[in-house]
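S.K.: Numbering (this note's numbering), first residue to last: 175 to 890.
My questions will all concern the structure given below.
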Ligand code: GLA
C-alpha cells in the first residue's frame, strides 16, 4: 500500500485502482511525480528524480520535468498558490524546508520536513484508504523554535496536482433553497477560487469538487479526480492553471477570518483533505465515497439504525406549534408509518415568530402546559420516538439571554450588531458561553429525554473579531463539534441531525459529528431533483434528509401531487414536513402504502450502491437506482419532471432532452441472473443482462408521473 524506494528516494502509495508517487530531489525537497490509474512495477520504474535541481515552480524547465512541488511551501519566490505560508516574528517570511525523515505506520505515511535554519517542522500525512480509492492528506505545523512566533498566513491541508492538460472542473454553487447546483467548466489560465466565508461550508458552495477531461459528465466511464475538505466551516479551494498547462488544486480552511499563530512549542493540524480517483465515471466516485462515509465518517451504530422516518412540525405549523396540535399530529404520523415526531422551532419561551426568545430554552407554558418531558412521554406512548429542535449557537436580541449577556455574541466594538433573522451569533469559544450551552444541552437531554435532536444554525458566523493566537471562525467550528460530541456522549442513541437553514453545513466535517443532514429548506419536488442529485454525488442517501411537504409549496407556490412529492423524498432519508391533519383520506392512503414500500427497501437505499441513470441536467425524466451490495435486490426511482424542471436548473444545459416514454437502462445487476420486477404496474421477469442492455419500459406520460420498481433476484 505504501512503500519507499531508498535508492530512488521515492514514495509509492497505492489504492485499489490508483497510484500516487512523489519523491525527493537532489536537494531533498519533495516533488510530485504522478497521480492516476494504478501502475505496475515496470511503470513505476520509469519515474526518476528530476534532472533539474529546482522543482519546477515556473515550469520553465518543463521540457525536462513536469514535476511540481508536492507541497507548495512559500520559500520567498513561489508565486503560485501556497499550501503553507508562514511569517516568523523576526520578519522572515519564507520557509526553507527539506526532508528530515519519514515513518510508515500501517496505512499512514508521515513525511517530516524541517526548515534548514529555523525551528519549524512540517509533518505531511497521507492516510491510504485502499478499498475506497482515497488518500487522506493533512499537515501538522510545529513550532519547535525556542524564541520565534510563527504566523500561519496560509495553512492548507494539501494539494492535488495533475499533469499538463485541459481539464474541466465540477463544483457546486447555489444559495438558500437552491443548494448543490452542479456546474462544469474548464479550468482556464489563472486562478479560480471556490470558497466560503460564512463560517459554514455554506449554501453557496460545497467543499467538494471533481476534475475530468470529459466535457459532459459520465456516470460509468471516464477518469475523474476528486477532492473533499472534511471541514464544516469556511473553506477555500484554489484551482490554478499555471504556465505550461500544469494544473494544481489546493484545499484548506479559509484564512480570510484570520491567521493562527504558533508560539514556541505549539502546533497546528489542518483538517483532512481527501483526494480520490475513479477510472469509471462519477458513478464509481459516488459509490466509493458513500461506502467511505458509511464505514469511516458516520457512527457505525447509528448507520445501522434504520428507523428514521420522521414527521417534523415546521412547515406543518411553523411557530403555532402546540402540545394539543402535536398530539393529534402524532396520531396521524403514527398512522402513516412515521417513526419519529419532531417538535421544530416555536416551543420555547414566547416564541411566536423568529424575532424573539432564541437562547431561552424553556418550553412555553401556554403551548406545552405539561412541560416537555411529559409531552415527550406522550409521544413515546404512542409508539413514536420523540425529537426536538435546537439552535444553540445563536440568540435573538429580544431574549432573556441577550438581555443578561449582551457581550456573549461576536461584535466589532463600537459597531451595531449585524442581525440575521433577528439573531446574533454566540461566541461559543468563550468558556462561560460553552458552559451555559453544555448545561442547557444536559438539561434538554436529561429532562426531556429526546431520541432525536435537530441542531440548526441559521446565520453566518460574522463579526468574529480578532481571536488571539487563532482564528475565530475556525475555533467556533471546533467548539460546535465539541458541543455536538458532548450531546452525543450524554445519550449516544440520539439521532443528531445537522442543519444550517437547510444544507448550509452539508459537509464531511459536520457529518463526522452528526448522523444525518437536512439537505435543503426547499421541499418542492421539482427543485429537489437537482438538490438531491448534487448531494448524491458526494454524500450517501442515509445522510441526506428529504421531506414531503404540502402543496402548493409554501416557498415556490408550485402545485404537485402527493405521490410525486413522496416518491421524490423516498430516494433519500424520508420524512415529512406536511400538515398531516389537513391531508385528505386519499392522500393519507397513498402515504401509508408508499411508506410500507419504503420500509421494505430502505436498507437498499441506505446501504446499497447508487446508480444515477438519467440526470436532471440532461433529461426531463430523472431516474436513479439503488442496488443491494449482494446484488439480490434493487429499487428504481423514475420521475417525469417535464419542462418544469428547467425552471429550477440554474443556467445549466439548455439542451435538456424531453423524455417521457422509452426504456431506462438499469445498471449494477448481475447479468446472468433473472430478476422479478414489480411495483408501478410492472410485473415481469427479466435477466440482469436484458435490464442493463434493453432496459425497462417507463411510460411516464404526464409531468409528475413517477415509478418505483422493486427488483428481486430469482433463485437459479
Ligand atoms: C431553519 C431550518 C428549518 C426550520 C427553521 C426553524 O430554516 O432549516 O428546517 O427548522 O430553521 O426556524
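Just so you know, even glycine gets a beta-carbon here, dropped at the ideal spot from N, CA and C.
In chain order, what residues of the same chain lie with their CB nearer than 7 Å to the CB of residue 884, ignoring the 5 residues before and after it?
M.R.: Taking the chain shown and counting its residues from 1, one reaches residue 884 at position 710. Cβ neighbours of residue 884 beyond the five flanking positions: 775, 809, 852, 853.
S.K.: I need the straight-line Cα distance from residue 271 to residue 196, nearest angstrom please.
M.R.: Residue numbering aside, residue 271 sits at position 97 when the chain shown is read from its first letter. Residue numbering aside, residue 196 sits at position 22 when the chain shown is read from its first letter. When rounded, the distance between both Cα atoms is 16 Å.
S.K.: Regarding residue 701 and the ligand GLA, is the C-beta to nearest heavy atom distance less than 6 Å?
M.R.: The residue you call residue 701 lines up with position 527 of the chain shown. False, no ligand heavy atom lies under 6 Å from that Cβ.
S.K.: Could you give the distance in angstroms between the alpha-carbon of residue 256 and the alpha-carbon of residue 242?
M.R.: Locating residue 256 in the chain shown gives position 82, where the first residue counts as 1. Locating residue 242 in the chain shown gives position 68, where the first residue counts as 1. Approximately 12 Å, taken between the alpha carbons.
S.K.: At what residues does the alpha helix (DSSP H) containing residue 882 begin and finish?
M.R.: The residue given as residue 882 occupies position 708 in the chain shown. Where residue 882 is concerned, there is no enclosing alpha helix (DSSP H), although the beta strand (DSSP E) it sits in stretches over 880 to 887.
S.K.: Determine the direct distance from the alpha carbon of residue 663 to that of residue 516, and round the result to whole angstroms.
M.R.: For the purposes of this step, residue 516 is taken as residue 342 along the chain shown, with counting starting at 1. For the purposes of this step, residue 663 is taken as residue 489 along the chain shown, with counting starting at 1. Taking the straight line joining both Cα atoms gives about 21 Å.
S.K.: Examine the Cβ distances between the stretch 440 to 450 and the stretch 321 to 333 and report whether three or more of them are shorter than 8 Å.
M.R.: yes
S.K.: Is any non-hydrogen atom of the ligand GLA found closer than 6 Å to the C-beta of residue 676, if you look at the structure I gave you?
M.R.: The sequence position of residue 676 within the chain shown is 502, counting from 1. For the ligand GLA, at least one heavy atom lies less than 6 Å from the Cβ of residue 676.
S.K.: For the stretch 637 to 666, list the alpha helix (DSSP H) runs that are entirely contained and at least 4 residues long, ordered along the chain.
M.R.: 646 to 664
S.K.: Would you check if the distance between the CB atom of residue 296 and the CB atom of residue 318 is smaller than 7 Å?
M.R.: As a first step, residue 296 must be located in the chain shown, where it is residue number 122. As a first step, residue 318 must be located in the chain shown, where it is residue number 144. Their beta carbons are not under 7 Å apart, which means residue 296 does not touch residue 318 by this criterion.
S.K.: Tell me the residue span of the alpha helix (DSSP H) that contains residue 682.
M.R.: Translated into positions along the chain shown, residue 682 becomes position 508. Membership of residue 682 in the alpha helix (DSSP H) is indicated by the continuous run 682 to 685.
S.K.: With a cut-off of 8 Å, do at least 3 Cβ pairs link the stretch 612 to 632 to the stretch 558 to 569?
M.R.: yes
S.K.: What separation, rounded to the nearest whole angstrom, lies between the Cα atoms of residue 188 and residue 178?
M.R.: Working through the chain shown from its first residue, we reach residue 188 at position 14. Working through the chain shown from its first residue, we reach residue 178 at position 4. About 12 Å.
S.K.: Suppose you measure from the CA of residue 755 to the CA of residue 503; what does that come to, to the nearest Å?
M.R.: By one-based count along the chain shown, residue 755 stands at place 581. By one-based count along the chain shown, residue 503 stands at place 329. Approximately 6 Å, taken between the alpha carbons.
S.K.: Over the uninterrupted alpha helix (DSSP H) stretch that includes residue 464, give me the two end residues.
M.R.: One-based indexing of the chain shown puts residue 464 at position 290. Counting along the chain, the alpha helix (DSSP H) containing residue 464 begins and ends at 455 to 466.
S.K.: How big is the Cα-Cα spacing for residue 889 and residue 847?
M.R.: Taking the chain shown and counting its residues from 1, one reaches residue 889 at position 715. Taking the chain shown and counting its residues from 1, one reaches residue 847 at position 673. If you take the alpha carbons of residue 889 and residue 847, they lie about 8 Å apart.
S.K.: Taking 6 Å as the cut-off, is the beta-carbon of residue 568 closer than that to any non-hydrogen atom of the ligand GLA?
M.R.: By 1-based counting over the chain shown, the position of residue 568 is 394. No, since every heavy atom of the ligand GLA falls outside the 6 Å radius drawn around the Cβ of residue 568.
S.K.: Can you say whether residue 876 is buried or exposed, counting buried as having 16 or more other CB atoms within 10 angstroms of its CB?
M.R.: Within the chain shown, the letter at position 702 stands for residue 876. So residue 876 ends up on the exposed side.
S.K.: Report, in whole angstroms, the separation of the C-beta atoms of residue 598 and residue 568, which I expect to be a contact under 8 Å.
M.R.: Residue numbering aside, residue 598 sits at position 424 when the chain shown is read from its first letter. Residue numbering aside, residue 568 sits at position 394 when the chain shown is read from its first letter. The Cβ separation is near 7 Å, so the contact holds.
S.K.: Relative to the ligand GLA, is the shortest distance from any of its heavy atoms to the C-beta of residue 673 smaller than 6 Å?
M.R.: Taking the first residue of the chain shown as 1, we reach residue 673 at position 499. Yes, the beta carbon of residue 673 sits closer than 6 Å to at least one heavy atom of the ligand GLA.
S.K.: Taking a contact to mean a Cβ-Cβ separation below 7 Å, would you say residue 699 touches residue 738 in this structure?
M.R.: Reading the chain shown from its first residue, position 525 is the one you call residue 699. Reading the chain shown from its first residue, position 564 is the one you call residue 738. Yes, they are a contact pair.
S.K.: Quick check on the DSSP output: the beta strand (DSSP E) that includes residue 328 runs from which residue to which?
M.R.: The sequence position of residue 328 within the chain shown is 154, counting from 1. Residue 328 -> beta strand (DSSP E) spans 324 to 336.
S.K.: Going by the DSSP bridge assignment, what does residue 903 pair with across the sheet?
M.R.: Beyond the ends of the chain as shown, which are 175 and 890, falls residue 903; an answer cannot be given.
S.K.: When you measure from the CB of residue 630 to every non-hydrogen atom of the ligand MG, does any distance come out below 6 Å?
M.R.: Within the structure as shown, the ligand MG is missing, the only ligands being the ligand GLA.
S.K.: When the cut-off is 7 Å and only beta carbons count, does residue 765 lie next to chain B?
M.R.: Although the question refers to chain B, the structure presented lacks it and comprises just one protein chain.
S.K.: Is the stretch 857 to 874 close to the stretch 829 to 846, with three or more CB pairs under 8 Å?
M.R.: yes
S.K.: Which same chain residues end up closer than 6 Å to residue 788 when comparing Cβ atoms and leaving out the 5 residues on each side of it in sequence?
M.R.: Along the chain shown, one-based indexing puts residue 788 at 614. Correct list, in chain order: 795, 796, 797.
S.K.: Express the C-alpha separation of residue 461 and residue 673 in angstroms, rounding to a whole number.
M.R.: Here residue 673 refers to the residue found at position 499 when the chain shown is read from its first residue. Here residue 461 refers to the residue found at position 287 when the chain shown is read from its first residue. If I take the Cα positions, the gap works out to 24 Å.
S.K.: Go to residue 475, then tell me how far its alpha helix (DSSP H) extends in each direction, as first and last residue.
M.R.: In the chain shown, counting from the first residue as 1, residue 475 sits at position 301. 474 to 477 is the extent of the alpha helix (DSSP H) around residue 475.
S.K.: Would you check whether the ligand GLA has a heavy atom nearer than 6 Å to the C-beta of residue 488?
M.R.: Sequence index remark: in the chain shown, residue 488 carries index 314 (1-based). Within the cutoff, so yes.
S.K.: Pull up the distance between the alpha-carbon of residue 467 and that of residue 306, whole angstroms please.
M.R.: Sequence index remark: in the chain shown, residue 467 carries index 293 (1-based). Sequence index remark: in the chain shown, residue 306 carries index 132 (1-based). Between residue 467 and residue 306, the C-alpha separation is close to 10 Å.
S.K.: What residues in its chain sit with their C-beta under 7 Å from that of residue 453, if we drop five residues either side in the sequence?
M.R.: Sequence index remark: in the chain shown, residue 453 carries index 279 (1-based). Contacts found: 191, 211, 397.
S.K.: Report the residue ranges of all beta strand (DSSP E) runs contained in full by the stretch 349 to 428; include only those spanning at least 3 residues, in chain order.
M.R.: 355 to 360, 364 to 369, 382 to 386, 398 to 403, 409 to 415, 421 to 427
S.K.: Is it buried or exposed, residue 181, if we count other Cβ atoms within 10 angstroms and call 16 or more buried?
M.R.: Reading the chain shown from its first residue, position 7 is the one you call residue 181. Around the beta-carbon of residue 181, fewer than 16 other beta-carbon atoms lie within 10 Å, marking it exposed.
S.K.: Return the CA-CA distance between residue 748 and residue 400, expressed in angstroms with no decimal places.
M.R.: Here residue 748 is taken as the residue at index 574 of the chain shown, counted from 1. Here residue 400 is taken as the residue at index 226 of the chain shown, counted from 1. Taking the straight line joining both Cα atoms gives about 28 Å.
S.K.: Does the beta-carbon distance from residue 413 to residue 404 come in below 7 Å?
M.R.: Numbered from 1 along the chain shown, position 239 holds the residue referred to as residue 413. Numbered from 1 along the chain shown, position 230 holds the residue referred to as residue 404. No. Outside cutoff.
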